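Novice: In terms of full-length UniProt numbering, the sequence shown has 125 at position 125, counting the first letter as 1, and numbering is strictly consecutive. Structure provided below as structure tokens; questions to follow.
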Amino acid sequence: MLETSTLFIVPTPIGNLEDITHRALRILSEVDLIAAEDTRHSQKLMQHYNISTRLISLHDHNESQRASQLISKLESGDNIALISDAGTPLISDPGYGLVSQCRDAGVNVVPLPAPCAAITALSGAGLATDKFQFEGFLPVKALARQQALEKLIKQTRTSVFYESPRRILDTVKLIAQVLGSERRLVLAKELTKTFETFYSDSAGACVTWLEEDANHQRGEFVLMVAGDKPDQSDVSAEALKLLSLLMKELPLKKAAAITAEQFGLKKNQLYQIGLDR
């Protein structure tokens, strides 16, 4: 039995309908109302699992006015589930306004863990995951897109973007131009679906791959950009040798700290160098 007056944030499958938890299905069946980004799209999921809970739309164009209506229902004792078309709500999807206003109003908000395209793609990409940044969709305007990418020139952590099929080629071309054709990228598309694809290569090679077959540009993309290689110009060969020796016996963090102390270097710089070895 659910507690009353609660907004549940319920992730839904990003492709494969089996990727939904038992808890999510139970909550979708038991709440009084489901706020969905696109009710027609979500109805397919509901029908697949024989869930008859009433759906109401909540998307970018009506969220500001719909939020107050839903909060009134929550305050009167209703339970509501918030879902997006795919994956975890609010992650490049609607819902921020509603959740923020619920918190301000003292309404109980309970998030459920489950699918997220960015994390799913990153876990299988083969890029560094100790530190990464999620950027969502790049800006639409050309100048803003270029400026956003210029910020990554010296960024050493992995950057994760979402991209649409109609913009993916232009985006990868711009990355090759701004970050260099040798910067490593991973393109992940159609995640969890029949034609799930990961393609990993330099930015220049990714442009070629996208251009050689129109099918390569189809599907929703998670675009991952490897971080810039740390500058080793001020790290002596002796320091690199000690770091390598210590890494065989100690955790990288400890090895970097000892080497940094010995040679008067920055621990973070040596840590990044160690990650690339």
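All C-beta atoms, glycine included, are put in the ideal place defined by N, C-alpha and C. Computed from a prediction, not measured in an experiment: that's the story for all the values here.
(1) In the structure shown, what three-state DSSP assignment does leucine 174 receive?
(2) Taking the C-alpha atoms as reference points, what is the distance between leucine 174 and valine 160?
(3) May I have the straight-line CA-CA distance separating leucine 58 from alanine 35, to the nearest angstrom?
(4) Go to residue 288, then tell me how far its beta strand (DSSP E) extends in each direction, as first and last residue.
(5) Report yes or no: do the segment 133–143 and the segment 94–112 share at least 3 C-beta pairs separated by less than 8 Å?
(6) Please determine, among Arg157, Tyr199 and Ser100, the residue with the shortest C-alpha to C-alpha distance to alanine 125.
(7) Taking the beta strand (DSSP E) that valine 222 belongs to, which residues open and close that run?
(8) Quick one: grab the DSSP three-state call for leucine 90.
(9) Go ahead and pull the three-state DSSP assignment for glycine 274.
(10) Under the criterion of a Cβ to heavy atom distance below 7 Å, does proline 113 qualify as lining the ligand MN?
(11) Based on the DSSP secondary-structure assignment, which residues constitute the bridge partners of valine 109?
(12) Let me know if phenylalanine 221 comes out buried or exposed under the rule of 16 or more other beta-carbons within 10 Å of its beta-carbon.
(13) Does the Cβ of asparagine 79 have 16 or more other Cβ atoms within 10 Å, making it buried, or fewer, making it exposed?
(14) In whole angstroms, give me the CA-to-CA distance for alanine 148 and glutamate 163.
(15) What residues in its chain sit with their C-beta under 8 Å from that of glycine 77, if we drop five residues either side in the sequence?
(16) Using the Cα positions of cysteine 64 and isoleucine 9, report the straight-line distance between them to the nearest angstrom.
(17) Could you say which of Asp93, Ser29, Gly87 and Ser92 lies nearest to asparagine 16 if we only look at CA atoms?
(18) With a threshold of 8 Å, are at least 3 pairs of Cβ atoms found where one atom belongs to the segment 248–255 and the other to the segment 205–224?
(19) By DSSP's criteria, valine 186 is part of a beta bridge. Which residues make up the other side?
(20) Are the Cβ atoms of glycine 95 and proline 89 separated by less than 8 Å?
(21) Measure the beta-carbon distance from leucine 74 to isoleucine 56 and round it to whole angstroms, keeping in mind my assumption that it falls under 8 Å.
(22) Would glutamine 155 and aspartate 228 be called neighbours here (beta carbons separated by less than 8 Å)?
(23) Compute the beta-carbon to beta-carbon distance between lysine 131 and arginine 157, rounded to the nearest angstrom, for a pair I have assumed lies under 8 Å.
(24) When the Cα atoms are used, what is the spatial distance from aspartate 19 to threonine 120?
(25) Is glutamine 47 buried or exposed, if buried means 16 or more other CB atoms sit within 10 Å of its CB?
Specialist: According to the structure data:
(1) Here leucine 174 sits in helix by DSSP.
(2) Going by C-alpha positions, leucine 174 is about 15 Å away from valine 160.
(3) Going by the C-alpha atoms only, they are around 6 Å apart.
(4) Lying outside 1 to 277, the shown extent of the chain, residue 288 is not represented and no answer is given.
(5) The segment 133–143 is not in contact with the segment 94–112.
(6) Measuring from the Cα of alanine 125, the nearest candidate turns out to be Tyr199.
(7) According to the DSSP assignment, valine 222 belongs to the beta strand (DSSP E) that extends over 221–225.
(8) In this structure, leucine 90 counts as coil in the three-state DSSP scheme.
(9) Residue state, collapsed to three classes: helix.
(10) This structure simply doesn't include the ligand MN, nor any ligand for that matter.
(11) Paired residues: Leu7.
(12) If you draw a 10 Å sphere on the C-beta of phenylalanine 221, you find 16 or more other C-beta atoms in it, and that means buried.
(13) Asparagine 79 is classed as buried because its beta carbon has at least 16 other beta carbons within 10 Å across all chains shown.
(14) Their Cα atoms are separated by approximately 14 Å.
(15) Around glycine 77, the same chain offers Thr4 and Ser5 as residues with beta carbons nearer than 8 Å, after the five sequence neighbours per side are excluded.
(16) It is serine, not cysteine, that sits at residue 64 in the sequence shown. Isoleucine 9 has its alpha-carbon roughly 18 Å from the corresponding atom of serine 64.
(17) Comparing alpha carbon positions, the residue from Asp93, Ser29, Gly87 and Ser92 closest to asparagine 16 is Gly87.
(18) Result no; under three Cβ-Cβ pairs closer than 8 Å.
(19) Valine 186 is bridged to Ser200 and Met224.
(20) Against a cut-off of 8 Å, the Cβ pair of proline 89 and glycine 95 comes out as a contact.
(21) Contact flag wrong, Cβ pair sits at about 13 Å.
(22) Yes, they are a contact pair.
(23) Sure, about 4 Å apart at Cβ, within 8 Å.
(24) When rounded, the distance between both Cα atoms is 12 Å.
(25) With a 10 Å radius around the Cβ and a threshold of 16 neighbouring Cβ atoms, glutamine 47 comes out exposed.
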